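Asker: Here the sequence shown stands for residues 731 to 1023, where the numbers follow our numbering. The C-beta atom is built at its ideal place from N, Cα and C for all residues, glycine as well. Because the structure is a prediction, the values reported are computed rather than measured. Quick one: the structure is below, questions incoming.
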Amino acid sequence: MRVLPGVGGDGRFDYPLVIRAHSAVPLTRDGDTHDMQAVETRNVSTEPQVEEKDEPIGITFQPDIYDVACAHLPADRGARVLDLGAGQGYVCKLLRDRGYDDVHACDLREEEFKIRDVPFRVADLNDTLPYEDDSFDCVITLEVAEHVEHHDNYFRELLRVTRPGGRIILSTPNVQDLGSRLHFLTCGLTGAATRVFDPAKPAWYQHVNLLSLQQMLFYIEHNGGTIERIATNRFRNSALVLLPLYPLLWLAALLISFRKRNNERGPVTWRYHRLAMSLPALLGRITFLIARA
């Protein structure tokens, strides 16, 4: 198994197979009626059963993102963790399975959430989150940012509900890997949104609000946070083919950095280029942002 920086296992799903027992059914063959058991797997209890929700699944085309996210969780299993944009609750289930007991969930539709013992709050992620300041040691928000309309508010709320020194784990499609840049050069569409947006569908259903590293760096630092590192789930083949351009890209970055206007913002310019010229940024399919509040 090839492991990229920050990547865990294969991230595959296990789907449960449910077999139900049927009652005796009269079957007719050649004019005769016989009582037969259609399916007999085990004795079926007649005691009242407590109805349980179905197992949650991760709604993503990149199932290995969950291993990357879990690799950056706090070591303290007592940490208070928020899954922002929880969906059905797949990340919450992973957290509970890994021994994190103080897990919370937040999203727009409570009826889709399938984990009974995890506190859930309904919220539009474009608005104020229903939590007090400094409520969580860690906030996880996977494949959510590109669906949010108001990024300034979204990042401000992320930093507000995370305690000072707490961790933010964010993932979003990478719009500036080398393959995506080539795609944009040739047809004006990034590799993270290769189809023209459908006007008949709402914006939140599509990747209308994709984020670059420059934008994420601004929103995190503007609201008092710090980016510790970026990671990815895998390298794209289309980006690997273009890797020989790496020295040329660094030269271009240096020339841009020494421009007068950029030189006036020297520290943040260099912080950006260190992120943008890293292999996860240039080659990765999904961008993981690991930040401190």
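For the beta strand (DSSP E) containing residue 1018, list its first residue and its last residue.
Answerer: Looking up residue 1018 in the sequence shown gives position 288. That run of the beta strand (DSSP E) goes 1016-1022.
Asker: Do residue 930 and residue 900 come within 8 Å of each other at the CB atom, strictly closer than that value?
Answerer: On the sequence shown, position 170 is the one that residue 900 refers to. On the sequence shown, position 200 is the one that residue 930 refers to. No, they are not a contact pair.
Asker: Per DSSP, what are the beta-bridge partners of residue 903 in this structure?
Answerer: Working through the sequence shown from its first residue, we reach residue 903 at position 173. DSSP, once it has assigned bridges, lists 1016 as partnering residue 903.
Asker: How would you call residue 745, buried or exposed, if buried means at least 16 neighbouring beta carbons within 10 angstroms?
Answerer: To locate residue 745, count along the sequence shown from 1; it is residue 15. Confidence in residue 745 is poor, its pLDDT being 28 and thus under 50, which makes the residue's placement unreliable; the coordinate value appears in the next sentence. Residue 745 comes out exposed.
Asker: Tell me residue 961's beta-bridge partners as DSSP assigns them.
Answerer: What you label residue 961 is simply residue 231 of the sequence shown in a count that begins at 1. Bridge partners of residue 961: 1018.
Asker: Let me make sure I understand the geometry here. Which of 799, 917, 810, 918 has the alpha-carbon closest to that of residue 1020?
Answerer: Reading the sequence shown from its first residue, position 290 is the one you call residue 1020. If we check each option's Cα against that of residue 1020, 799 comes out closest.
Asker: Please classify residue 952 as buried or exposed, where buried requires at least 16 neighbouring CB atoms within 10 angstroms.
Answerer: Position 222 of the sequence shown, counting from 1, holds the residue named residue 952. Residue 952 comes out exposed.
Asker: Between which residues of its own chain and residue 822 is the CB-CB distance below 7 Å, once the five residues before and five after are set aside?
Answerer: Position 92 of the sequence shown, counted from the start, is the residue given in the question as residue 822. Hits under 7 Å: 813, 816, 833, 835, 845, 848.
Asker: Would DSSP call residue 821 helix, strand or coil?
Answerer: The residue labelled residue 821 in the question sits at position 91 within the sequence shown. Reduced to three states, the DSSP call for residue 821 is helix.
Asker: Does the Cβ of residue 786 have 16 or more other Cβ atoms within 10 Å, making it buried, or fewer, making it exposed?
Answerer: Indexing the sequence shown from 1 puts residue 786 at position 56. It is buried - the Cβ of residue 786 has at least 16 other Cβ atoms within 10 Å.
Asker: Count Cβ pairs between the region 902-909 and the region 971-978 that sit closer than 8 Å; are there 3 or more?
Answerer: Short answer: they touch.
Asker: Suppose you measure from the CA of residue 1001 to the CA of residue 957; what does that come to, to the nearest Å?
Answerer: On the sequence shown, position 271 is the one that residue 1001 refers to. On the sequence shown, position 227 is the one that residue 957 refers to. In a straight line, the C-alpha of residue 1001 is about 9 Å away from that of residue 957.
Asker: Using C-beta distances below 8 Å, list every residue in its chain close to residue 878, excluding the 5 sequence neighbours before and after it, in chain order.
Answerer: Walking along the sequence shown from the start, residue 878 turns up at place 148. Cβ neighbours of residue 878 beyond the five flanking positions: 855, 856, 884, 934, 939.
Asker: What's the gap between the Cα of residue 1009 and the Cα of residue 790?
Answerer: Numbered from 1 along the sequence shown, position 279 holds the residue referred to as residue 1009. Numbered from 1 along the sequence shown, position 60 holds the residue referred to as residue 790. Cα to Cα, the separation comes out at about 23 Å.
Asker: Whose CA, out of 955, 927, 880, 829, lies closest to the CA of residue 1022?
Answerer: Locating residue 1022 in the sequence shown gives position 292, counting from the first residue. Per the Cα distances, 955.
Asker: Name the residue from 922, 853, 947 whose alpha carbon lies nearest to the alpha carbon of residue 937.
Answerer: On the sequence shown, position 207 is the one that residue 937 refers to. For residue 937, the nearest C-alpha among the options comes from 922.
Asker: Where does residue 914 fall in DSSP's three states?
Answerer: Indexing the sequence shown from 1 puts residue 914 at position 184. Looking at residue 914 - three-state DSSP - the assignment turns out to be helix.
Asker: Considering only residues of the same chain and omitting the five flanking positions on each side of residue 807, which have a CB-CB separation below 8 Å?
Answerer: As a first step, residue 807 is located in the sequence shown; it is residue number 77 there, counting from the start. Cβ within range, chain order: 828, 829, 830, 831.
Asker: Given a threshold of 16 other Cβ atoms within 10 Å of its Cβ, counted over all protein chains shown, does residue 982 qualify as buried or as exposed?
Answerer: Here residue 982 is taken as the residue at index 252 of the sequence shown, counted from 1. The residue in question, residue 982, is exposed, as its Cβ has fewer than 16 Cβ neighbours within 10 Å.
Asker: Rounded to whole angstroms, what's the CA-CA distance from residue 802 to residue 915? Just pull it up for me.
Answerer: Counting from one through the sequence shown, the residue named residue 802 turns up at place 72. Counting from one through the sequence shown, the residue named residue 915 turns up at place 185. Roughly 34 Å separates the two Cα atoms.
Asker: If you draw a straight line from the C-alpha of residue 852 to the C-alpha of residue 887, how long is it?
Answerer: For the purposes of this step, residue 852 is identified with residue 122 of the sequence shown, where counting begins at 1. For the purposes of this step, residue 887 is identified with residue 157 of the sequence shown, where counting begins at 1. Distance between the alpha carbons of residue 852 and residue 887 is about 15 Å.
Asker: Report the three-state DSSP secondary structure of residue 998 (helix, strand or coil).
Answerer: Taking the sequence shown and counting its residues from 1, the one referred to as residue 998 is at position 268. Residue state, collapsed to three classes: helix.
Asker: Can you tell me whether DSSP reads residue 867 as helix, strand or coil?
Answerer: Here residue 867 is taken as the residue at index 137 of the sequence shown, counted from 1. Of the three classes helix, strand and coil, the one that applies to residue 867 here is strand, per DSSP.
Asker: For the beta strand (DSSP E) that contains residue 851, what are its first and last residues?
Answerer: Within the sequence shown, the letter at position 121 stands for residue 851. Here the beta strand (DSSP E) through residue 851 covers 850-852.
Asker: Exposed or buried, which one is residue 985 when buried takes at least 16 other CB atoms within 10 Å?
Answerer: Along the sequence shown, one-based indexing puts residue 985 at 255. Counting Cβ neighbours within 10 Å, residue 985 comes out exposed, since fewer than 16 surround it.
Asker: Excluding five sequence neighbours on each side, which residues of the same chain lie with their C-beta closer than 8 Å to the C-beta of residue 894?
Answerer: On the sequence shown, residue 894 is found 164 positions in, with the first residue counted as 1. So the qualifying residues of the chain are 864, 1023.
Asker: Helix, strand or coil for residue 882 per DSSP?
Answerer: If you number the sequence shown from 1, residue 882 lands on position 152. In this structure, residue 882 counts as helix in the three-state DSSP scheme.
Asker: What is the rounded straight-line gap between the Cα of residue 753 and the Cα of residue 963?
Answerer: Here residue 753 is taken as the residue at index 23 of the sequence shown, counted from 1. Here residue 963 is taken as the residue at index 233 of the sequence shown, counted from 1. With a pLDDT of 31 at residue 753, under the threshold of 50, the modelled position of this residue cannot be trusted; read the value that follows with caution. Between residue 753 and residue 963, the C-alpha separation is close to 48 Å.
Asker: Residue 811: which of 1014, 898, 913, 948 sits nearest, CA to CA?
Answerer: Position 81 of the sequence shown, counting from 1, holds the residue named residue 811. Checking every option, the nearest Cα to that of residue 811 belongs to 898.
Asker: Could you check which residue in 997, 999, 961, 868 has the C-alpha nearest to that of residue 1013?
Answerer: By 1-based counting over the sequence shown, the position of residue 1013 is 283. Measuring from the Cα of residue 1013, the nearest candidate turns out to be 961.
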